[in-house]
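Number of protein chains: 2
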Amino acid sequence: MGAAGEHDDAAERGTVVTPSAELPPLGAEERAALGRIGERWREPRDPDELPVDPTLGRSGRPPRPTRFGRLVPIEMFTVEEPGELVATEPAHLPGSRTGRLLTRARRTLFGPPLSSASVLYERMRKLVALPVLSSDLLSSVAYGPEAMLAVLVLAGSAALGLSLPLAALLVVLMVAVGLSYRQTIPAYPHGAGSYIVAGDNLGRTPGLAAAAGLMLDYVLTVSVSVAAGVHAVTSALPGLTPLTVPLGVLVIAVLLAGNLRGVRTAGNLFVLPTYAFVVAILVVLVVGYARAAGRGFAPVSPPPVPAAEGLGLLLVLRAFSSGAVSMTGIEAVSNAVPAFRPTEWRNARTTLGWMVVMLVTLFAGLVGLIHLDGLVPRPGETLLSQLGRVTFPTGPWYAILQATTALILLLAANTAFNDFPRLLFFMARDGHTPRRFLHMGDRLAFSNGLVALSLTAAVVFVAFGGHTERLIPLYAVGVFLAFTLSQAGMVVHWRRHRGPGWHRRLALNAVGATLSALVLLTAAVAKFSEGAWVVVVAVPLLVLLFRRIHRHYAMLHRALALHPPAPPGPAGSVEREELPQEVRHLVVVPVARLNRASLRALAYAASLGQPTLAVHIAPEEVEADRFREQWQAWGDHLRLETIVSPYRAVIGPLAHYLEALHTTRPELTLTVIVPEVVLRSRWHRPLHSRVEQRLRAALRALPGVVVTTVPVHVAE
Amino acid sequence: MGAAGEHDDAAERGTVVTPSAELPPLGAEERAALGRIGERWREPRDPDELPVDPTLGRSGRPPRPTRFGRLVPIEMFTVEEPGELVATEPAHLPGSRTGRLLTRARRTLFGPPLSSASVLYERMRKLVALPVLSSDLLSSVAYGPEAMLAVLVLAGSAALGLSLPLAALLVVLMVAVGLSYRQTIPAYPHGAGSYIVAGDNLGRTPGLAAAAGLMLDYVLTVSVSVAAGVHAVTSALPGLTPLTVPLGVLVIAVLLAGNLRGVRTAGNLFVLPTYAFVVAILVVLVVGYARAAGRGFAPVSPPPVPAAEGLGLLLVLRAFSSGAVSMTGIEAVSNAVPAFRPTEWRNARTTLGWMVVMLVTLFAGLVGLIHLDGLVPRPGETLLSQLGRVTFPTGPWYAILQATTALILLLAANTAFNDFPRLLFFMARDGHTPRRFLHMGDRLAFSNGLVALSLTAAVVFVAFGGHTERLIPLYAVGVFLAFTLSQAGMVVHWRRHRGPGWHRRLALNAVGATLSALVLLTAAVAKFSEGAWVVVVAVPLLVLLFRRIHRHYAMLHRALALHPPAPPGPAGSVEREELPQEVRHLVVVPVARLNRASLRALAYAASLGQPTLAVHIAPEEVEADRFREQWQAWGDHLRLETIVSPYRAVIGPLAHYLEALHTTRPELTLTVIVPEVVLRSRWHRPLHSRVEQRLRAALRALPGVVVTTVPVHVAE
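Protein sequence lines, in the order shown, are assigned to chains L and A.
The opening position of the first sequence corresponds to residue 460 in the working numbering, with each subsequent residue numbered one higher.
The opening position of the second sequence corresponds to residue 460 in the working numbering, with each subsequent residue numbered one higher.
Spelled out as structure tokens, the structure:
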């Protein structure tokens, strides 16, 4: 499966996770443009030799820590090769004391920073990946069958018999979707998420729609799983019920901290509970079926329940779509392919296979056993709990089953912590989300994505007061949108690539896509007024947002590109100033009063050897005269222009004066030199009016005005 | 009164309100220092003629508005004299569209800006000043007598007879304090507040203590008056009671807006209600005494009230100090002397005389009439209301009395809006409060002080839920602290200056100071646990804060002064780097990738004609090689140093590298040239990581590192 050609195709697009936004290799056009620009370079009039050794006199020896553990800055760099230094870990500490303290605290919490070189070691073995990525999927089994039966029972207990054919249909759906993703992983070995598959085959907007659906679902996975898990805890300890919201936020914070420490560590935390849950359910199934075998597999008849609705097609479809929430999380592996150890796609495919087998076993086993035992959904107690009591009337087994169920629900949220930042990373690579999501933190985790997920999920959790039942209707619409688009994308993929057996594969994906689309439609319609409308509204808005972000980055890329891009369409009109051949200067020094700070700025200005003008803003005529007197006493070395500002503002008139100068001679580059008194203590900053910052903000909008800040340090 | 010598003394200290912090005249020492520094000036190597006409080619003609009402920047300036431009009003508008919109909105609300030249016209006539400055003082009459009687009645109705001697004592106190301030105003014609008088004669700390007391009292004046006024309104319209807090905040906001429009306009708003209140009380007195004359001034015996406490000295003192709240606000005129029309001190003194006469008349008249009518404080109804009902059993007069009382209570808060910013201004001139309180806004009001008062008062109001009775115990301690210190200061003043009749004046001030001190002690002790402790704790803390602020400004002044100050004491060790004789440069250009932005920064760097080094930070070896390849393609015009940052940070290693360069050659000035892509829309800013700002923040702490921002504008 997965022809070699497909691998090359993926490698060409270069969708490999790298520690940072990588520099693209140089194309021929760019090379030529760079050469042309370089030819126009004018050597500076006075190109002195460098007055300093840029290698810092380092000769490859490693840095030695000084007495107080702080390195002299020179010691923070080692020489790798000529013209190249390597920064050591201490060089990443901020310079300020507060900054260093904060960084130390962060490192104590999340571990020391990891070098980019160790990125490979942060990958997961299959036996670790399985629990990490499957907790979401498998935990759905705890509420999926019940969600389906709770709809069927509305038509009376007789309708419960439909659960077996529906379950069979869902198993077909699971297998179909599972096989589809199995086919997808080798075709997209560097990340086979719905965003990439749909975008690649159906176009950008369907890809973004799939991504939006998945993003909403990841957020809801965290909120719902945490809500259900906390509810399980508060059911056991009712005294904690008023603390539902803080407890949930605490759980989200702990998950965030664990994931900020890095993928592997987080994985280790989750191995045991997931396996324990699977074993617990398997024990229930073995004991239950053994008991049923003892009575010749004769089903117990369920207690009679009166019908509240007629048994129509809509009800059956609703039951089907409700049962389908058992499948949320099946896409986890495909998004996380690059987190596997090499060969990534093979290990991911194997893990996916195990997961689907486990899902089908648990799901089908549970539905069958519930049918055999004649159990009916009740408001007070979950079906799984009822099943546990029937299976283990005595002994600690029932308690163990409930505890592992509660635990895996909490851990299911972790799947989203793996996938959400990765999805944002892929989208940021294409310019659909802010670039900061490309950045890997100290611990090689996508810190910004993790924080974004935690914040959003916490807000949703708090907004819904931590009530699971209010969150559920929003759930599963997004993920089935992604399933549908991804599988429809694979249909197009097979039509295009026509490898061996493509007919069979296309048919399989077409069936999966159709079934997913049916579930999507049913879920969206049946649950619309209960909350699904939020998702229906949010997805298009998110798609619009992603497209706007993309347009901005594309505009910026064109504006900064060196070689002229293809002629812009009617929509994009980008300002293309030519790069200046030669810079002609006018240096302007605003002077409020003559003191050490302003004289330092004047000295700096003079040392540039360019035409220089000093400007003084005076609130009154009298003050202007007094300042000119000082200027004369100093020696009147520079041309001084005084501006009287009768309305007492400083920034406005100065900015407009500079703009006026620029208007008269637009080809000049105005360099405004501002002294900035630097205070050590931040407590003293409110005592100063930050004229320098406000001036810079006002001048920012003027083209051709360069602002230079000359710091004047005051020891306290 | 007030010898000519005293006027000169005040003029020398220069305590005139000017539109902005004024430039001090040049002393001989400074002149010499400036000359010495000027002699060391080195003419730049290549002092071209200025390539631009700094007068913008203006020839004194006035600016013409352009078609869209926006002036071309050149049109915003007129020529006053050679080398001096005058900014017109449009030159104060911010350049950005949002900024202009905000400014327009502000001007619609608060009026067009006033030029500094119109500062004199914003002064008050006496007949306007009287209501503006006396509403606080006169409104106290509405609750002062009742506060005194409410304490006396604790010892039974027999003790109520003591109200007459206590009132006589209070009248003596009022006259004494009034005469004291009458004496003070000509002695300090440019502002005779307790802060200046106490500071001038007793030393800095007593002056600051007086200021702290006054500041707290101004804040409480606003909170208490607004609370009482809103309560009067909600008593009339009980449906508004739940809105007490928002209503009070609204009133404070309206007062703020009115005062931001400027003093005179605000004064006009307050003329009518104050005079109406005075007239209403006078009518009550005339009618009441006429009725009493009808029965031969025989007092009605009060209804018997059982004694709750014995009639001890402490009780009498408490009654006295409670009655003394009638005097809060008497200091208003002395602080506001410069807001009067010329001759300021004479008009202020006359106004103060009127105010004291009115206060004594109303206070003594009310206490006497209450005694004659045998009225007793009751929880449900104020004494003034009881008196109104007795005097006007029928007709609309009672309603008018209550309405004007409610209105003047709301307006009393306005006195604080006049005095608080002025006090902050005087303190800021001495460096005891942040310099921003020196600044006059568009409308020649001390906007920052007004906003500070409104915010603090609103916070206090909200914190106390708008309950008058909870706020009252905090009140009056601060103001009697100021009275005591001010009059004690005048005692010292007379001892020093010994003008004609100084013995009599000294004695008068000594009596006033002693009485004020007694009231202060009684109030602080008797009301300590009811809330006065807040003031007792806050005053020393504020004094400490003011002293710390002063120390900071003094340190900064010494550090930036041109001529060496007196040798610093053991406490102050100020870094005194010599001004650089010549600046030696190294220009450093951090380059992330070669695009139009970085090439513009490189071109700018080269045009400076100084030794230049380019630095590239690469997250990985591979990336560094790729960048070097681009650098070669461009032509390798500058020395390039690559720093591999295996932990992916950019700012930290770059800052440490620059620090290391600085360490190896501390005499070099490093100029770091950073391109900054300027986006027009602020919505796009979150899409960028603001590396430029973060780099500047990191480099701020390094001495000898100058940061230059080269803007690259991108049209959208």
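We put the beta carbon where it would ideally sit given N, CA and C, even for glycine.
Just so we're clear, the structure is a prediction, and the values are computed from it rather than from any experiment.
Looking at the structure shown, is residue i part of a helix, part of a strand, or coil, going by DSSP?
i       : result
A/M899  : coil
L/R1043 : strand
A/F1086 : helix
A/L1021 : coil
L/I1132 : strand
A/L1127 : strand
A/H1172 : strand
A/F1207 : Any question about residue 1207 of chain A goes unanswered here, given that chain A covers just 460 to 1175.
L/L696  : coil
L/V921  : helix
A/P999  : helix
A/V764  : coil
L/V759  : coil
L/S653  : helix
L/V1050 : coil
A/P1162 : coil
A/A606  : helix
L/A976  : helix
L/R1006 : helix
L/H830  : helix
A/E989  : helix
L/R1035 : Because L/R1035 carries a pLDDT of 43, less than 50, the predicted location of this residue cannot be relied on, and the following value inherits that uncertainty. L/R1035: coil per DSSP, three-state reduction.
L/H891  : coil
What residues are listed by DSSP as bridge partners for residue i?
i       : result
L/L1099 : L/A1073
L/F536  : L/A546
A/T1167 : L/T1167, A/I1132
A/V587  : In the DSSP output, where bridge partners are listed per residue, A/V587 has none listed.
A/L1138 : A/V1173
Name the two residues that bound the continuous alpha helix (DSSP H) containing residue i.
i       : result
A/P513  : Taken as a continuous stretch (DSSP letters only), A/P513 belongs to no alpha helix (DSSP H), as it is neither H nor E.
L/E1151 : 1150–1158
L/H952  : 936–956
L/P645  : 622–646
L/S616  : Unbroken run through L/S616: none, as it is neither H nor E.
L/E488  : 487–498
A/L773  : 772–782
L/I867  : 856–888
L/Y1106 : Counting along the chain, L/Y1106 falls outside any alpha helix (DSSP H), and DSSP gives it neither H nor E.
Interface residues of chain L around residue i at Cβ under 7 Å?
i       : result
A/S574  : P1105, Y1106
A/L555  : For the sequence presented, residue 555 of chain A should be read as Ser rather than Leu. Those within 7 Å of A/S555 in chain L are A1160.
A/Q1089 : L485, L493
A/H1143 : H1011
Using the beta-carbon of each residue, which ones in chain L are nearer than 8 Å to residue i?
i      : result
A/I533 : A1119, T1122, T1123
A/L909 : Those do not exist, as A/L909 stays about 16 Å from chain L at its closest Cβ, beyond 8 Å.
Listing by chain order, which chain A residues have their CB less than 7 Å from the CB of residue i?
i      : result
L/G497 : W1093, G1094, H1096
Taking Cβ-Cβ distances shorter than 8 Å, what residues in chain A pair up with residue i?
i       : result
L/I1249 : Since the first residue shown for chain L is 460 and the last is 1175, residue 1249 of chain L is missing from the structure and cannot be characterised.
L/N1054 : L1019, A1020, L1021
Given that residue i touches chain L, what residues does it touch there, using C-beta distances under 9 Å?
i       : result
A/T1128 : Y1063, S1066, V1169
A/E1041 : A1062, S1066
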